[in-house]
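> Questions regarding the structure given below will be posed in turn.
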Amino acid sequence: MLRYKTHVADRSMYNTPPTYGVYICGLVLSWIKSLGGVQEIAKINQKKADLLYSYLDSSRLFSPTVSKPDRSIMNICFVTGNQETDHKFIAQASSAGFVSLRGHRSVGGMRASIYNAMPIEGVEKLIQFMSDFEKNNI
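Laid out in structure tokens, this is it:
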């Protein structure tokens with residue numbers, strides 16, 4: 001496949017290009033450009049992470065599981081310190097529309113993945129839900 005001769009023989013169509021993936025990638029890159037580019041999306045992502053970590057660092061129920069210098073701005077891991085409460089939180093969060101918060105199967109807890117497409121408003125709503133859960137479970 002990496003031989004020019006192969007592509008010449010098959011008139012540049014040795015294999016079918018992943019057209020849908022290329023199309024979606026183009027849409028995502030255009031969207032990032034419309035926001036102001038990579039530097040701007042980096043600022044937005046940092047702000048989202050800062051909001052969530054700020055809440056976690058001050059919470060009486062939830063605790064981040066990663067030390068400050070090693071924290072991800074995309075995957076925020078946290079626990080309550082009690083597996084039953086973790087499971088209760090995940091179930092109630094799921095019922096409220098916050099999906100896929102269950103942590104990795106080998107470590108448990110919770111993991112909020114706040115990738116590029118997650119708006120700041122989504123993080124703010126998650127924090128509000130967590131705050132309400134905390135008030136009802138302490």
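Numbered per UniProt numbering, the sequence shown spans residues 1 to 138. Beta carbons: idealized from backbone N, C-alpha and C, even for Gly. Every value quoted in this text rests on a predicted model; they were computed, and no experiment measured them.
When the Cα of R102 is compared with those of I120, N75 and L56, which residue comes out closest?
Per the Cα distances, N75.
> So is M13 buried or exposed if we call it buried at 16+ other beta carbons inside 10 Å?
Exposed is the call here.
> Give the secondary structure of M110 by DSSP, where H, G and I count as helix, E and B as strand, and everything else as coil.
The answer is strand: DSSP assigns M110 an E or B state.
> Mapping DSSP to helix, strand and coil, what is V79?
Reduced to three states, the DSSP call for V79 is strand.
> Can you grab the Cα-Cα spacing for the pair I24 / N45, in whole Å?
About 21 Å.
> I120: which of P64, G36, T19 and K43 sits nearest, CA to CA?
The shortest C-alpha separation from I120 is found at K43.
> Taking DSSP as the reference, what is the three-state secondary structure of K63?
The question names Lys, yet the displayed sequence has Ser at residue 63. Reduced to three states, the DSSP call for S63 is strand.
> Which residue marks the beginning of the alpha helix (DSSP H) containing F129, and which one marks its end?
That run of the alpha helix (DSSP H) goes I120 to N136.
> On the CB-based measure, 16 or more other CB atoms within 10 Å of its CB, does L61 come out buried or exposed?
With 16 or more Cβ atoms within 10 Å of its Cβ, L61 is classed as buried.
> Which term fits T80, buried or exposed, when burial requires 16 or more other beta carbons within 10 angstroms of its beta carbon?
T80 should be labelled buried.
> Under 8 Å, with one C-beta from each stretch per pair, do the segment 1-21 and the segment 78-93 reach the 3-pair mark?
Short answer: they don't touch.
> Below 8 Å CB to CB, which residues in the same chain sit around S67 once its five sequence neighbours on both sides are set aside?
The answer is none, since no qualifying residue turns up.
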